[in-house]
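>
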Amino acid sequence: MKILAVNAGSSSLKFQLLVMPEESVITSGIVERIGWDDAIITFKQNGQKITETFQILNHKFAVELVIQGLIKHGAIQSLDEIKGVGHRVVQGGEIFKTSVLITDEVVEQIRSLNDLAPLHNPANITGIEAFRKALPDVPQVAVFDTTFHQTMTEDAFLYAAPYEWYQKYHVRKYGFHGTSHQYVSERAAVLLNNPKAKVIVAHLGNGASICAVDGGKSVDTSMGLTPLEGIPMGTRSGNIDPAVLMLIAGKEDKTYGEVLDDLNKKSGYLGVSGFSNDSRDIIDGMNRGDYRATLAHKIQVKRIVDYIGSYYLYMGGLDAICFTAGIGENAPEIRRDVIKAMKPLGIELDVSENEKRGERMISTPDSKVKAFIIPTNEEVMIARECVRLTA
Ligand code: AMP
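Just so it is clear: in the sequence shown, position 24 is 24 by our numbering, and no numbers are missing.
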């Protein structure tokens with residue numbers, strides 16, 4: 001059974017064709033620069049990378065090219081081999097407690113959440129609509145970044161702000177990266193041979209969040225109403241006193257929206273180092289003694305550890321910390337320094353395992369709390385949900 005997993009952004013569309021239940025990938029790719037004359041479409045198949053440039057002015061045409069490409073490159077012989085399309089949707093609000101089969105009503109419900117995710121949900125809807133038009137007879141499923149966190153209780157998800165903001169405007173913490181946190185924590189429970197394990201997942205990519213998972217359920221997570229809250233990221237500040245908005249708007253003659261943009265796009269690694277949002281550059285900078293790159297790294301580690309300490313107490317214990325996503329999977333320096341700071345919890349790093357890549361335990365065999373690298377796989381989670389709902 002072939003399932004297409006899709007992640008549509010405002011100017012990009014990532015896709016992966018998987019065979020289920022084997023969970024093997026036939027082809028994957030991305031359309032970039034949608035809306036431009038020189039958009040790029042890339043297919044990766046059988047270890048080969050095929051890149052073409054087209055004028056792709058909208059998602060509808062991007063989807064047509066993806067489907068034509070799947071046939072042209074031999075991933076499928078005919079369209080009826082595709083048995084389901086799974087779409088990543090960023091914000092499911094309190095409406096969606098689980099993934100759903102997409103209907104006209106579901107599309108309208110997702111649209112009703114646009115206020116909560118103005119940068120993401122409209123793009124996700126554009127992708128859904130384009131695929132529904134191109135493949136009208138194929139079941140389509142929405143998989144939300146937020147549903148895994150819908151198990152948080154009020155003490156964890158409510159802000160200590162006027163309660164009416166929650167009642168009237170749904171202001172609360174939703175959390176994101178849910179598919180990744182779920183995939184990694186499920187894998188950790190298998191590696192620990194303990195479905196009741198207390199696990200912390202550190203999803204450290206260009207966007208980054210921490211999640212506390214107790215017995216398979218998300219009990220707290222660092223992102224909030226939007227992905228801006230929590231630990232600092234490539235270009236996002238993470239937690240900051242909201243009074244900064246007013247101060248900087250006044251000093252730099254900016255609107256609150258513009259300052260918010262600075263906190264989303266010019267902060268984090270980029271803001272502190274002054275030269276890059278990429279952890280590889282930050283680590284290079286650290287190694288050559290650059291003061292601000294070193295500071296960006298130290299702030300990052302401190303803030304990650306702040307959450308780990310808090311979640312350790314909130315869960316009343318910890319069995320494992322898991323590192324995932326671009327930085328978590330590839331940057332031994334971050335893992336080393338986070339684990340070093342966790343020493344009081346009884347965790348011991350295996351220095352040589354930490355230098356390696358791929359799924360593995362990176363704590364010593366007698367470490368009380370275990371540490372793992374677990375490469376995330378959001379596409380497989382989307383495909384699994386697609387199979388579950390279309391079978
Ligand atoms: P993601 O958002 O999960 O795709 O992660 C992207 C980020 O991972 C990049 O911006 C880099 O900061 C980081 N990254 C990717 N590869 C490496 C690497 N080999 N070493 C350190 N960091 C990496």
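Built from N, CA and C at the ideal position, the CB exists for glycine as well. Quantities reported herein were computed from a predicted structural model and do not represent experimental measurements.
Ligand 1 heavy atoms versus the CB of I125: any closer than 6 Å?
no
> What is the DSSP secondary structure of I76, counted as helix, strand or coil?
coil
> Per DSSP, what kind of secondary structure is L260 in: helix, strand or coil?
helix
> Pick out whichever of K368, C211, N277, D261 has its Cα sitting closest to the Cα of T235.
N277
> Tell me, to the nearest whole angstrom, how far the beta carbon of G86 is from that of V141; I am working on the premise that it is less than 8 Å.
5 Å
> Using the Cα positions of A293 and V387, report the straight-line distance between them to the nearest angstrom.
45 Å
> Since S209 sits in a beta bridge, which residues does DSSP pair it with?
H203
> By DSSP's criteria, E32 is part of a beta bridge. Which residues make up the other side?
I40
> Return the Cβ separation of V31 and A5 in integer angstroms, given the expectation that the two are a contact with Cβ distance under 8 Å.
V31 to A5, Cβ: 14 Å. No contact.
> For I374 and K251, what's the separation of their Cα atoms in angstroms?
44 Å
> What first and last residue would you give for the alpha helix (DSSP H) that runs through K168?
Its alpha helix (DSSP H) spans residues 163 to 169.
> Closer than 5 Å between the C-beta and any heavy atom of ligand 1: which residues qualify, listed along the chain?
The answer, residue by residue, is G205, N206, D278, S279, R280, A325, G326, I327, N330, A331.
> Provide the residue(s) that pair with C322 in DSSP beta bridges, ordered along the chain.
V201, F372
> Determine the direct distance from the alpha carbon of V106 to that of T98, and round the result to whole angstroms.
Distance between the alpha carbons of T98 and V106 is about 12 Å.
> Look at the Cβ atom of G309, then the Cβ atom of L204, and state whether they are nearer than 7 Å.
The Cβ-Cβ distance between G309 and L204 does not fall below 7 Å.
> Report the option in Q300, C211, K49 whose CA atom is closest to the CA atom of S185.
C211
> Can you give the Cα-Cα distance for A331 and P136, rounded to whole angstroms?
43 Å
> Please report the Cβ distance between L225 and R172, rounded to the nearest whole angstrom; I am assuming they are in contact, meaning their Cβ atoms lie under 8 Å.
7 Å
> Sort out for me which residues DSSP pairs G84 with in a bridge.
I3
> Hey, S209 and S222: beta-carbon distance below 7 Å or not?
yes
> Compute the Euclidean distance between the alpha carbons of I240 and G207, then round it to the nearest angstrom.
So the two alpha carbons sit approximately 16 Å from each other.
> Please report the distance separating the alpha-carbon of I50 from that of A39.
14 Å
> Run through DSSP, which three-state label would E52 get?
strand
> Rounded to a whole number of angstroms, what is the C-alpha to C-alpha distance between Y314 and K368?
18 Å
> So is the beta-carbon of Y174 under 6 Å away from any non-hydrogen atom of ligand 3?
Questions concerning ligand 3 fall outside what the structure shown contains, since the ligands it does hold are ligand 1.
> Report the residue ranges of all alpha helix (DSSP H) runs contained in full by the stretch 82 to 152; include only those spanning at least 4 residues, in chain order.
104 to 111, 121 to 134
> Do A8 and A123 have their C-beta atoms within less than 7 Å of each other?
It is a contact, given that the beta carbons lie within the stated cut-off.
> Give the secondary structure of K217 by DSSP, where H, G and I count as helix, E and B as strand, and everything else as coil.
It is a strand residue.
> Just the Cα atoms here: how many angstroms apart are I362 and K356?
9 Å
> Between the alpha carbons of N419 and E353, how many angstroms are there, rounded?
This structure cannot settle anything about residue 419, because the visible part of the chain is limited to 1 through 391.
> When you compare only the Cα positions, how much space is there between L263 and A197?
35 Å
> Per DSSP, which residues does V66 bridge with? Please list them.
DSSP lists no partner for V66.
> For a test of the three-state rule: what should DSSP assign to I362, helix, strand or coil?
coil
> What's the call for G346, buried or exposed, on a 16-neighbour Cβ count within 10 Å?
exposed
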